[in-house]
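Q: Sharing a structure, written as structure tokens. Questions coming.
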Amino acid sequence: MQQERTFLQKAKLFFKGLAMGAANKVPGVSGGTVSYVLGFYEDLIYSFQKINLKAFKLLIAGNFKRFSQYTNAQFIMLIMGGSIFSYFSISLILDYFLKHFELYVWSWFFGMIIGSIYYIGKDFGKWNRTSFISLIIGITLGLAISFLKPAKENDNLWFVFLCGIIGVSGMTLPGLSGSFILILLGNYVLLLVDSVNVLLNVLTNLAIGNFEVLSDSIKVKYLKIIAVFTAGSAFGLVSISHVLGYVLKKYNKIVNAVIIGFITGSLGIVWPWKEKIYVQENGQVLIDKEGNKVVENFERFMPELFKTETFVAILFILIGIALVLIIDYYGKRRKK
């Protein structure tokens, strides 16, 4: 049954969606980890699991109230509304800080992920042999993904649909960055930069009554791409959530152990001290439509200890850890 929520509760859910959406756009950061830390991960999985045959029957029958209650529609709309809105607001601010203060942003994320490992692990309970094996499997998978070599860009619509399914996994699997997976698939710039910018441009033009923008074949191509990507993401959210909902009920401890391991292994992806390796064609660095160099991968290195920026970066790591601990403390106080 869908709960009646106050305006403040609705606002909190929307802002949680903003945080998850912003995280989903950043390579190396998992929106699923954010949902885990902010305490709505299982609600998210079980809500998407309710989008099934029974829900469609209620919808077709015109029983919208029962449909809304059964699917927890208000919760989904607030979280997903915040997540989508962040792509055109919060994530743009995040892009600015990544461009101008990259080391400190990555340090903050690194600290938050360390804090989230503690957050998830503290209530795990008793560890046994199966739990430890699951933990090691998770760590191994996380490390393996961080060292994969990216593919080249591919705008075939079937592949774009597949990217939607795989890319949205960052929202449903804590520790797995959907954006980083899209980099590995070669389509991060195409799907999360170029297509989003074209969509925003088209919507802006339509809002002022300029419908000629729809006759631009390049823009129409990108609109098709983002539509197919969105369809793949929606399909992936529902299908993966059904699988996760089942395994979370049946193998909760094992799944949580794998998640803790996966998040731990993914620390290599968000290691703050790294240099960008850019995509090159014919000896020239590839530039996207916004004039930015296209990132292929990252080369990690150890920082110089006695530099001011290293101390500031460490401070941001500590701030990231502290932020998660404060959220945890606030959550405990609220339950009392």
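Residues in the sequence shown are numbered from 199 upward in steps of one, following this note's numbering.
C-beta atoms are modelled at their ideal positions from N, C-alpha and C, and glycine is treated no differently.
Count Cβ pairs between the stretch 460–472 and the stretch 276–285 that sit closer than 8 Å; are there 3 or more?
A: no
Q: Counting only runs of 3+ residues fully inside the stretch 408–460, write out the beta strand (DSSP E) ranges in chain order.
A: none
Q: Candidates 466, 511 and 321: which alpha carbon is nearest residue 234's?
A: 321
Q: According to DSSP, simplified to helix, strand and coil, what is residue 200?
A: Confidence at residue 200 is low in this model, with a pLDDT of 48, below 50, so its placement is unreliable and no value can be given for it.
Q: Could you tell me if residue 413 is buried or exposed, where buried requires 16 or more neighbouring beta carbons within 10 angstroms of its beta carbon?
A: It is exposed - the Cβ of residue 413 has fewer than 16 other Cβ atoms within 10 Å.
Q: Counting pairs of Cβ atoms below 8 Å between the stretch 349–367 and the stretch 264–271, do you hit three or more?
A: no
Q: Could you tell me the boundaries of the alpha helix (DSSP H) in which residue 208 lies?
A: 205–223
Q: Specify the secondary structure class of residue 255 as computed by DSSP and reduced to three states.
A: helix
Q: By the DSSP assignment, the alpha helix (DSSP H) with residue 266 in it spans what residues?
A: 262–269
Q: On the criterion of 16 or more Cβ atoms from any shown chain inside 10 Å, does residue 246 qualify as buried, or is it exposed?
A: buried
Q: Candidates 305, 421 and 376: which alpha carbon is nearest residue 398's?
A: 421
Q: Would you call the CB atoms of residue 313 and residue 465 closer than 8 Å?
A: no
Q: Please go through the same chain and pick out, in chain order, the residues whose beta-carbon is closer than 6 Å to the beta-carbon of residue 273, but skip the five residues on each side of it.
A: Answer for residue 273: 245, listed in chain order.
Q: Taking just the CA atoms, how far does residue 342 sit from residue 431?
A: Taking the straight line from one Cα to the other gives about 24 Å.
Q: May I ask which residues mark the beginning and end of the alpha helix (DSSP H) holding residue 353?
A: Segment: none, residue 353 is in no alpha helix (DSSP H) and carries neither H nor E.
Q: In whole angstroms, give me the CA-to-CA distance for residue 301 and residue 500.
A: 13 Å
Q: Just the Cα atoms here: how many angstroms apart are residue 308 and residue 508?
A: 14 Å
Q: When DSSP labels each residue in this structure, what does residue 521 get in the three-state scheme?
A: Here residue 521 sits in helix by DSSP.
Q: Relative to the alpha-carbon of residue 519, which residue among 295, 220 and 310 has its alpha-carbon at the smallest distance?
A: 310
Q: Between the stretch 330–339 and the stretch 453–463, do three or more beta carbon pairs fall short of 8 Å?
A: At 8 Å Cβ cutoff, the stretches touch.
Q: With 16 as the cutoff for other CB atoms within 10 Å, does residue 270 come out buried or exposed?
A: buried
Q: When the Cα of residue 512 is compared with those of 239, 303, 236 and 497, which residue comes out closest?
A: 303
Q: From what residue to what residue does the alpha helix (DSSP H) around residue 404 run?
A: 393–405
Q: Where does residue 287 sit, in a helix, a strand or coil, going by DSSP?
A: Of the three classes helix, strand and coil, the one that applies to residue 287 here is coil, per DSSP.
Q: Per DSSP, what kind of secondary structure is residue 366 in: helix, strand or coil?
A: Note: residue 366 maps to coil in three-state DSSP.
Q: Taking C-beta to C-beta, are residue 596 and residue 364 nearer than 8 Å?
A: Within the shown structure, residues of the chain are numbered from 199 to 534, placing residue 596 beyond reach of any answer.
Q: Mind reading off the beta-carbon distance from residue 318 to residue 454? Whole number of angstroms is fine, and I expect it under 8 Å.
A: 7 Å
Q: I need the DSSP call for residue 307, collapsed to helix, strand or coil.
A: helix
Q: Measure the C-alpha to C-alpha separation of residue 502 and residue 439 and round it to an integer number of angstroms.
A: 43 Å
Q: Mind checking whether residue 362 and residue 262 have CB atoms under 8 Å apart?
A: Cβ distance not < 8 Å, so residue 362 and residue 262 don't count as in contact.
Q: What is the DSSP secondary structure of residue 249, counted as helix, strand or coil?
A: coil
Q: Name the two residues that bound the continuous alpha helix (DSSP H) containing residue 344.
A: Note, residue 344: alpha helix (DSSP H), 327–344.
Q: Helix, strand or coil for residue 384 per DSSP?
A: Of the three classes helix, strand and coil, the one that applies to residue 384 here is coil, per DSSP.
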